[in-house]
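Chains A and B, in that order, give the protein sequences. Using numbering that gives the first Met the number 0, you'd call the opening residue of the first sequence number 0 and step up by one each time. Using numbering that gives the first Met the number 0, you'd call the opening residue of the second sequence number 0 and step up by one each time. The beta-carbon is built from N, C-alpha and C at its ideal position, and this holds for glycine as well.
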Amino acid sequence: MTPDLDSTDLVKRFGTTVAVDNVSFSVPPGSFFSILGPSGCGKTTIMRMIAGFLDPTSGEIRIKGKSVLDTPPNKRPVNMVFQHLALFPMMTIAENIGYGLRRRKMPKEQIARKVDEALDRIGLPGIGARKVDELSGGQKQRVAIARCMVLEPDVLLLDEPLGALDLKLREHMKVELKALQAAFDTTFVYITHDQSEALVMSDQIAVMNAGRFEQVGTGRDLYYRPETPFVAGFIGEANRWKGRIERIEGEALQMRTETGLEMRATATGTLAAGDNAEIFVRPEAIRLAGSAEALSAFDNRLQGRVASILFNGAASRVLVEDDAGETLEVTLPQSGEFASLRRGDPIHIGWGAAQASCFKRAA
Amino acid sequence: MRAHARIGFVLLLTPLVLWLGLLIVIPHIDMAILSLRERISFGVYEPSLMQYEKALTEPLYLRTFWRTAVMSVLATGITLLIAFPVAYYIAKMAKGRLQQVLFLLCLIPFYVSELVRTFGWMILLRETGIVSNLLQWVGLADQPVEMLYNDAAMMVGLVYTSMLFMVVPLVTTLESLDDSVIEAGYDLGGNGLSVLREIIIPHAMPGIVSGCIVVFMLSLGNYLTPTMLGGKDSLWFTEMIYNQFIVRSNWELGAAFGFMLLVLSSVIVWGMLRLTGRTLQETMG
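And the structure:
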């Protein structure tokens, strides 16, 4: 099956800075593809090249197998939901949604019917006569999507459209966007710096850093099997140790940290004894216990004191200061077992080698 | 505390009240009284509508009145047509320093007095002027060409004089238009023309209307440019007011002319607002 969107060796230079560096990817039809990266990593540049507002320095962009590089933005079969939505404030909602259809010289009655259909689809029937500024943030969001979807684009681009919403609404819109994507059965390409948006909604996520794709995969892949230190640090949170590898057998290895601790971990990529390396362990992969015996099943065990408790409901953390003086973040289970934990209490922690990813570190 | 706030309010309001009262309201009341009387003999006056009757029946006065109105509207239209692309370039296409420099370039001519600026046009356009000499040198004309003292020269002067007052409000409103709204217009299939018609112009409407009102009033009330650049046929209504007051010492008729001009500009501004469906409050506020 031809992918809906396909790019090969895409490069964009601004003067001497390389904003997008040899990026290739393809998005299968009907899927939700996210580009996730910190601000300034080049994700908006990619999106603007797909939409046609920027010309790539080199490389190729194909939509449904056909190159679109010579097609101006108003003729490309892609539409874009802008960061601040860019609804036309001088028009009513119906005029906003009908704008693209009017450009296609569709008869008036047909436009009116399509607009009504689209409003039904996004669950806002009967608001066509209202002005843009009479809508709430979430409603504007849905209108912006409907305005693109009436044109039945091959690919819908979304440029951090949830950024301007408050937290509660953002959580709600994540679910809704995914549902809208399923309802319209269109390929969505979504860019964001918010990992939770990407993880919740996407079929495939590309993690981008400094103009390159670090890893492309499902949310699960990125979370459980990060291929690069950047991905390990960017997706979810992690405790890190730097050190030197002492022994390695297959994927299992043992590292001596700079603070002198001995740790077992799983190697990612090719590593050899003597290499400088870095271990990442997620706070939620570490087990808390009152005594060392309870942790005997784990490969790595430490003891320390509770330095601080960061209460944040289900996402509460304990900061544990180990005997080497390092502070680790550990998820605090809300099962009641540790309800009496106080600052200064002695505590034991442990985690398996399978949960600790080790990456080679540039010396 | 309340008393203090009251005193502050009164103090702040005083200059405005004085300004409006002394310079606008009182002279207009006096003008109204002047225009509504007739001189019977030396030092003897009688209330009468004779001045207005004279103004509205004398063909020269009436012709000049309408000509001034039509030419001012025309000058406003031409100014808008030239200023819009300029303002669009400054607001949307130019970036950073270039934007500031271009804006400053529009402003610089207004550092010198209107007299000097108008004189600049005379140097360019007169019979022995630069353009005339250039045309002869190139060979397009075999004798000196006089380009001054006609309606075209006057129009050039009027448009040039009012340019800035159109560019500034346009740049301000166009700058407030988010670039992504224009991009969205293209993204959804619009071309240059439809984006201009459906997105840019509707957004710029407050700037267009306020710019047009200011330019129209400036043109209508302009005295210097029509006098210096216009010919014998390009009589401007302000010149007639000047003539009545200063040359003929007929203050009664001059006052009547003044009121006619005031009514004319009010009616046209009102019409302009009605036509574009805007209120004065929206446009100025």
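Residues near residue i by beta carbon distance below 7 Å, same chain, minus five either side
| i | result |
| --- | --- |
| Ser6/A | Val22, Ser23, Phe24, Gly58, Glu59 and Ile60 |
| Phe83/B | Leu169 |
| Ala284/A | Trp350 and Gln354 |
| Ala86/B | Val166, Leu169, Val170 and Leu173 |
| Val230/A | Val206, Glu213, Gln214 and Leu221 |
| Met271/B | Val208, Cys211 and Ile212 |
| Glu325/A | Thr258 |
DSSP bridge partner residues for residue i (one or two, in chain order)
| i | result |
| --- | --- |
| Trp350/A | Asn299/A |
| Pro345/A | Arg304/A |
| Lys42/A | Answer by DSSP bridge pairing: none, since Lys42/A is not bridged. |
| Leu287/A | Ile348/A |
| Ile278/A | Trp240/A and Cys357/A |
| Arg169/A | DSSP lists no partner for Arg169/A. |
| Pro46/B | Arg36/B |
| Thr330/A | Arg316/A |
| Ala255/B | DSSP lists no partner for Ala255/B. |
| Val154/A | Val77/A and Thr186/A |
| Arg224/A | None; Arg224/A has no bridge partner. |
Cut-off 8 Å between Cβ atoms - residues of its own chain near residue i, not counting five sequence neighbours on either side
| i | result |
| --- | --- |
| Asn221/B | Leu157, Thr160, Trp235 and Thr237 |
| Arg316/A | Pro282, Ile308, Leu309, Glu328, Val329, Thr330 and Leu331 |
| Ala85/A | Ala143 |
| Pro46/B | Leu35, Arg36 and Glu37 |
| Tyr88/B | Leu101 |
| Ile77/B | Met154 and Val158 |
Residue i (DSSP reduced to helix, strand or coil)
| i | result |
| --- | --- |
| Lys130/A | strand |
| Phe32/A | strand |
| Trp18/B | helix |
| Glu126/B | coil |
| Ala338/A | coil |
| Ala181/A | helix |
| Cys357/A | strand |
| Phe187/A | strand |
| Asp193/A | coil |
| Asp322/A | coil |
| Lys241/A | strand |
| Met89/A | coil |
| Asp54/A | coil |
| Asn208/A | strand |
| Leu55/B | helix |
| Gly232/A | helix |
Buried or exposed (CB count within 10 angstroms, at least 16 for buried), residue i
| i | result |
| --- | --- |
| Ser175/B | exposed |
| Tyr189/A | buried |
| Pro369/A | The first residue shown for chain A is 0 and the last is 362, placing residue 369/A beyond what the model contains. |
| Thr15/A | exposed |
| Tyr60/B | buried |
| Pro225/A | buried |
| Trp350/A | buried |
| Asn190/B | exposed |
| His347/A | buried |
| Phe81/A | buried |
| Ala313/A | exposed |
| Gln203/A | buried |
| Glu251/B | buried |
| Val100/B | exposed |
| Ala183/B | buried |
| Thr185/A | buried |
| Glu213/A | buried |
| Lys11/A | buried |
| Pro124/A | exposed |
| Leu114/B | exposed |
| Val266/B | exposed |
| Leu192/B | exposed |
| Trp442/A | For chain A, the structure presents residues 0 to 362; residue 442/A sits outside this window and is missing. |
| His3/B | exposed |
Cβ-based neighbour list, residue i, same chain, cut-off 6 Å, excluding 5 preceding and 5 following
| i | result |
| --- | --- |
| Ala140/B | Leu134 |
| Ile234/A | Gln194, Leu221 and Tyr222 |
| Arg5/B | none |
| Gly230/B | Tyr148 and Asn149 |
| Val199/A | Lys173 |
Could you name the residues of the segment 172–201 of chain B whose beta carbon sits closer than 8 Å to any beta carbon of chain A, in the order they occur along the chain?
Asp177, Ser179, Val180, Glu182, Ala183, Gly184, Tyr185, Asp186, Leu187, Gly188, Gly189, Asn190, Ser193, Glu197, Ile198 and Pro201
Going along the segment 52–73 of chain A in order, which residues come within less than 9 Å of chain B, judged by CB to CB distance?
Phe52, Pro71, Pro72 and Asn73
Any C-beta of chain B within less than 8 Å: which residues of the segment 138–171 of chain A qualify?
Arg146, Cys147 and Leu150
Closer than 7 Å, Cβ to Cβ, to anything on chain B: give me those residues from the segment 98–117 of chain A, in chain order.
Tyr98, Gly99, Arg102 and Arg103
When you check each C-beta in the segment 264–284 of chain A against every C-beta of chain B, which residues fall closer than 7 Å?
none
Give me the subset of the segment 233–249 of chain A whose CB atoms are less than 9 Å from a CB atom of chain B, sorted by chain position.
none
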